[in-house]
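So this is what it looks like as structure tokens:
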């Protein structure tokens, strides 16, 4: 059951991560941390915030990795111009 995502994204990092997911699809947390030059823990915190606000979905794989994908409700939502810090 998907919750409707909150409309505001708190940081430019979150917005960039959402843009990457909209453009390229699903990523592992390892791939996101490499792509955005941050530690795995930092990537997890950003993804956790986005997950709790309904923007992304986390899926644990059998290999104990996490896959991050855009929430179905967010696929049609365009970022607000001038949003971000």
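Residue numbers (my numbering): 19 to 103.
Quick reminder that beta carbons are idealized off the backbone N, C-alpha and C, glycines included.
(1) Helix, strand or coil, according to DSSP, for residue 82 in the structure here?
(2) So if DSSP puts residue 87 in a beta bridge, which residue, or which two residues, is it bridged to?
(3) Rounded to a whole number of angstroms, what is the C-alpha to C-alpha distance between residue 77 and residue 88?
(4) Given this structure, state the Cα-to-Cα distance separating residue 40 from residue 73, to the nearest angstrom.
On the basis of the supplied data:
(1) As a first step, residue 82 must be located in the chain shown, where it is residue number 64. Coil, per DSSP.
(2) Looking up residue 87 in the chain shown gives position 69. Answer by DSSP bridge pairing, in chain order: 75.
(3) Walking along the chain shown from the start, residue 77 turns up at place 59. Walking along the chain shown from the start, residue 88 turns up at place 70. For residue 77 and residue 88, the distance between alpha carbons rounds to 11 Å.
(4) As a position in the chain shown, residue 40 is number 22, starting the count at 1. As a position in the chain shown, residue 73 is number 55, starting the count at 1. The alpha-carbon atoms of residue 40 and residue 73 are separated by roughly 11 Å.
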